[in-house]
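Sequences listed follow chains A and B, in order.
No gaps in the numbering here: position 272 of the first sequence is 380 in the numbering used here, and each next residue is one more.
No gaps in the numbering here: position 250 of the second sequence is 1258 in the numbering used here, and each next residue is one more.
Even glycine gets a Cβ: it sits at the ideal position worked out from N, Cα and C.
Note that the coordinates shown come from a computational prediction; the quantities given were computed from them, not determined experimentally.
Below is one structure, written out as structure tokens, with a few remarks after it.
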Amino acid sequence: MQEILQYLFSGITNGAIYAVIAIGFSMLYNSTELINFAHGEFVMLGALCMVTFFGALHLPLVVALVASIVCIAATGLVFERLAIRPVRHPEPIVLIIITVGASIFLRGIGMIIWGKDAHTIPSFSAHPPLDIAGAKLLSQSIWIIIILLATIIGLQLFYKKTLTGKAMEANAISKRAAWIVGIPSKMMIMLAFGLSTAIGGLAGVIIAPVTMSSYDMGTMLGLKGFCAAMLGGLGSLWGALLGGFLLGILEALGVGFVSSGLKDATAFLLLLFILYVKPGGIISAASAKRF
Amino acid sequence: MLFSKKHRIITLVPAVAILLCLFMALPALAKSEKKPYKIGGIFAVTGPASFLGDPEKKSMEMAVDQINAAGGIDGHMLEAVIYDTEGDPSKGVMSVNKLINRDQVIAIIGPSTTPVTLAVMPIVQRAQIPFISCAAGNKIVQPINPWVFKTAQSDIQAVATIYRNLQSRNMKKIAIVSVENAFGESGREQLLAQAKDFGLAITKAETYGAKDTDMTAQLTKIRQDDPDAIVCWGTNPGPAVLAKNIQQLGLDIPLYQSHGVASPKFIELAGTAAEGIMLPTGKILVADLIADTDPQKQVLDSYISDYEKQFNTGVSGFGGYAYDGMKILAAALNGSDGNKAKIREAIENTKNHVGISGVFTFSPTDHNGLSPDAFVMVRIKDGKWELVE
């Protein structure tokens, strides 16, 4: 029993991380129908910015957190402005290839700025792990889960309650119709990029104390986040949440009851299975698009 | 006949004169300056393995400078021709071909990594050139390739060192966790193979991905069997994550790491979780802690001070592989007259060569030449290394 609980906690921690990354994928897809394969690299940049601000410069936690996210969002905006918007024929496949290229570029930048070594920062708070029926829940895991829930609720409020959020959603449903009623679509796309990369950066910031941050950490995290987004249903926030937790917990149980060698395979097998039986993901929008 | 007899004699005279001059000059030339011995070096000077290749290149250059300053070998100066493989097997193959065909070197030192070494081995064997690799993999010298030697310690000795320590602490049950890459696989193979010889039972053999962020699931699984110790095989940052997870889960099980994390970086990454961890390492990391009676003490001290003086940076644990290779080669070059077969034989007959990575004794059946003494066990205490007897 104690073991199962520990696997569960381990899975929830990892799952929450995947969920935050998946939200970034999902919300960008929602607004632009674009999959940003450089998303994992924004997570990496977020973690490494946090290493600099919190670890090296010893700024207060909140300041470091906000500074990191602002830096990443700015990078995301520049990326959209310089690499995505100038594309003459913005077909999905062209844009996807651009994002793959950008991911290689960003990884190189990360390596030049932070070097090839891994870095670490202390936990947000120095509480000892919580002991629940013999299983340990880390304080940073609690932080991650709280921040994940806050992000989802915040986004939900933004979409449903604010004019900008509603405009973004309208733009996502039909660019042309939104344009007719006077919504500046370019502005909305840029905002979506900024928000999505900011959430990616946030994911990096919260996992920096859990794991070691290095320039090459982004690719695998990005893929796992993408898996989680697809699992839950691309475009749906609650789907991203569900997909992330499902993936994390199944991975942990897979390690516990099958073999640790199959940990990464679990994620991708699950993805194949879901794409086969329910191409749109568990919580899918009415029609699913396949690339 | 176009030329008369008289004409022929006239042309012959200067020709003979020139020939005579040459014959007289040749011994004089040879006496004053013998042809230098060209030694090839291929290292991953840039790229992901540059932490190996860069100090190796510097160490080889330093060894060559030292030998030349002492008058060379049998009057021959040494000339190092060094190429960068970037850790890429195909670039390694190109460099070796260039060294053999264009530069016509008489021996090659390097490369830095096992995959590159394995890729170039068939070429050096075909060309019959003495070759001393700086990479760690067992496959380089198992099975024995007559022309291939290596100076880096391998997993065999590292595992034996850990297991001897476990045995002395009377431990019986261990769990192993290894990273899913070539380094982890090779270590895992040795850990499984040698356990029986030391009376150890392996309760669980888990793995983790090189980029995993959390290993509490593996640890939870390991905990069920209540092992006496956990042995982790990986390079940064995975082992530091594992150490942190052990601390967070509050597991009271001694943790052993491999020589793959024997650097101050590991202590920095693992922080307080590093306390009490034991690992095998080459003596260079703890040169200042080693007793003066140790045969390697003097070699280590002079290498470290020379390196720091010449390059103005801290010494790395890896440059010694190339330094040892160059010194062993230099000893073998003595009296060889540049004959490759003789050099090869002399390397194979090297006995008790005191180097940076250990005391080398090669034989036709052992082309690594090191014993488990090449490693010492260290414990991390208060963020510093401490020798374990």
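Among all the DSSP beta bridges, which residues are the ones paired with residue i?
i, result
"B/Pro-1063", "None, per the DSSP bridge assignment."
"B/Trp-1393", "B/Ile-1388"
"B/Thr-1368", "Position check: residue 1368 of chain B holds Phe in this sequence, whereas Thr was assumed. B/Phe-1368 pairs with B/His-1361."
"A/Ser-321", "A/His-227"
"B/Ala-1115", "B/Ile-1047"
"B/Asn-1265", "Looking at the sequence itself, residue 1265 of chain B is Gln, so the reference to Asn does not match. Paired residues: B/Cys-1240."
"B/Ile-1002", "Nothing can be reported for residue 1002 of chain B, as the shown portion of chain B is limited to 1009 through 1397."
"B/Pro-1288", "B/Met-1385"
"B/Asp-1374", "B/Ser-1371"
"B/His-1084", "B/Ile-1081"
"A/Lys-332", "Note: A/Lys-332 sits in no beta bridge, so no partner."
"A/Leu-238", "A/Leu-245"
"B/Ile-1090", "B/Gly-1049"
Could you compute how far the alpha carbon of residue i sits from the alpha carbon of residue j?
i, j, result
"B/Met-1085", "A/Trp-222", "42 Å"
"A/Leu-169", "B/Gln-1202", "48 Å"
"A/Ala-246", "B/Thr-1224", "Per the sequence presented here, residue 246 of chain A reads as Leu, with Ala not at that position. Distance between the alpha carbons of A/Leu-246 and B/Thr-1224: 11 Å."
"A/Ala-226", "B/Thr-1093", "24 Å"
"A/Gly-119", "A/Ala-182", "32 Å"
"A/Leu-354", "A/Cys-335", "11 Å"
"A/Gly-388", "A/Gly-352", "16 Å"
"A/Gln-110", "B/Thr-1122", "43 Å"
"A/Gly-302", "A/Val-186", "9 Å"
"B/Gly-1284", "A/Trp-346", "44 Å"
"B/Lys-1305", "B/Leu-1250", "33 Å"
"B/Lys-1046", "B/Ser-1098", "23 Å"
"B/Asn-1360", "B/Phe-1326", "21 Å"
"A/Gly-273", "A/Leu-310", "20 Å"
"B/Thr-1215", "B/Pro-1247", "11 Å"
"B/Met-1417", "B/Asp-1233", "Only positions 1009 to 1397 of chain B appear in this structure, which leaves residue 1417 of chain B out of reach."
"B/Met-1102", "B/Lys-1335", "25 Å"
"B/Ser-1058", "B/Leu-1395", "29 Å"
"A/Ile-250", "A/Val-202", "40 Å"
"B/Gln-1256", "A/Pro-237", "6 Å"
"B/Asp-1296", "B/Thr-1169", "20 Å"
"A/Gln-264", "B/Leu-1227", "37 Å"
"B/Lys-1043", "B/Ala-1143", "30 Å"
"B/Ile-1075", "B/Ser-1379", "27 Å"
My guess is that residue i and residue j are in contact by the Cβ rule of under 8 Å, so how many angstroms apart are they, rounded?
i, j, result
"B/Tyr-1329", "B/Ala-1160", "5 Å"
"A/Met-158", "A/Ile-229", "6 Å"
"B/Ser-1120", "B/Glu-1069", "Going by Cβ atoms, the distance from B/Ser-1120 to B/Glu-1069 rounds to 15 Å, so no, they are not a contact pair."
"B/Phe-1370", "B/Glu-1356", "5 Å"
"B/Asp-1220", "A/Val-318", "Not a contact, Cβ separation roughly 11 Å."
"B/Leu-1240", "B/Val-1167", "It is worth fixing the name first, because residue 1240 of chain B is Cys in this sequence and not Leu. With 8 Å as the limit, B/Cys-1240 and B/Val-1167 do not qualify as a contact, their Cβ atoms being about 13 Å apart."
"B/Ala-1127", "B/Gly-1083", "Their Cβ separation, rounded to whole angstroms, is 36 Å, which puts B/Ala-1127 and B/Gly-1083 out of contact at 8 Å."
"A/Gly-330", "A/His-147", "5 Å"
"B/Pro-1056", "A/Lys-224", "7 Å"
"A/Ile-86", "A/Ala-300", "With chain A running from 109 to 399 in the structure shown, residue 86 of chain A is simply not present."
Can you list, in chain order, the residues of its chain whose CB lies under 8 Å from that of residue i, leaving out five sequence neighbours each side?
i, result
"B/Gln-1133", "Asn-1153, Pro-1154, Trp-1155, Val-1156"
"B/Ile-1351", "Ile-1114, Ala-1115, Pro-1138, Leu-1337, Ala-1340, Leu-1341, Ser-1344"
"B/Ala-1282", "Ala-1248, Ala-1251, Phe-1274, Ile-1275, Ile-1388, Gly-1391"
"A/Met-320", "Ala-226, His-227, Thr-228"
"B/Val-1323", "Pro-1063, Ile-1292, Tyr-1311, Ile-1312, Tyr-1315, Glu-1316"
CB-CB under 7 Å to residue i, same chain, minus the five flanking residues each way: which ones, in chain order?
i, result
"B/Gly-1217", "Glu-1188"
"A/Glu-359", "Gly-119, Asn-122, Lys-371, Thr-374, Ala-375"
"B/Asn-1376", "Val-1149, Lys-1158, Ser-1162"
"A/Ala-243", "Gln-110, Leu-113, Gln-114, Phe-117"
Please go through the same chain and pick out, in chain order, the residues whose beta-carbon is closer than 6 Å to the beta-carbon of residue i, but skip the five residues on each side of it.
i, result
"B/Pro-1262", "Ala-1237"
"A/Ile-297", "Thr-140"
"A/Gly-356", "Gly-119, Asn-122, Gly-123, Tyr-126"
"B/Ile-1230", "Ala-1183, Lys-1212"
**Item:** Three-pair Cβ contact test at 8 Å for the region 362-379 of chain A versus the region 142-152 of chain A
**Value:** no
**Prompt:** Given 8 Å as the limit, is there contact between the region 1146-1156 of chain B and the region 1378-1386 of chain B, that is, 3 or more CB pairs closer than that?
**Reply:** no
**Message:** If contact is defined by three or more beta carbon pairs under 8 Å, each pair taking one atom from either stretch, is the region 333-342 of chain A in contact with the region 129-143 of chain A?
**Reply:** yes
**Request:** Would you be able to state if there are at least three C-beta pairs under 8 Å between the region 1187-1196 of chain B and the region 1306-1326 of chain B?
**Result:** no
**Cβ contact (3+ pairs, closer than 8 Å) linking the region 1203-1213 of chain B and the region 1167-1187 of chain B** = yes
**Request:** Quick one: which residues of the region 299-327 of chain A get their C-beta closer than 7 Å to a C-beta of chain E? List them in chain order.
**Result:** Looking at the structure shown, chain E is missing, and the protein chains on hand are A and B.
**Item:** the region 258-268 of chain A in contact with the region 1272-1291 of chain B per 3-pair CB rule at 8 Å
**Value:** no
**Prompt:** Does the pairing of the region 1103-1112 of chain B with the region 1060-1080 of chain B give three or more beta-carbon distances under 8 Å?
**Reply:** no
**Prompt:** Pairing CB atoms from the region 1354-1366 of chain B with CB atoms from the region 1287-1302 of chain B, are three or more of them under 8 Å?
**Reply:** yes
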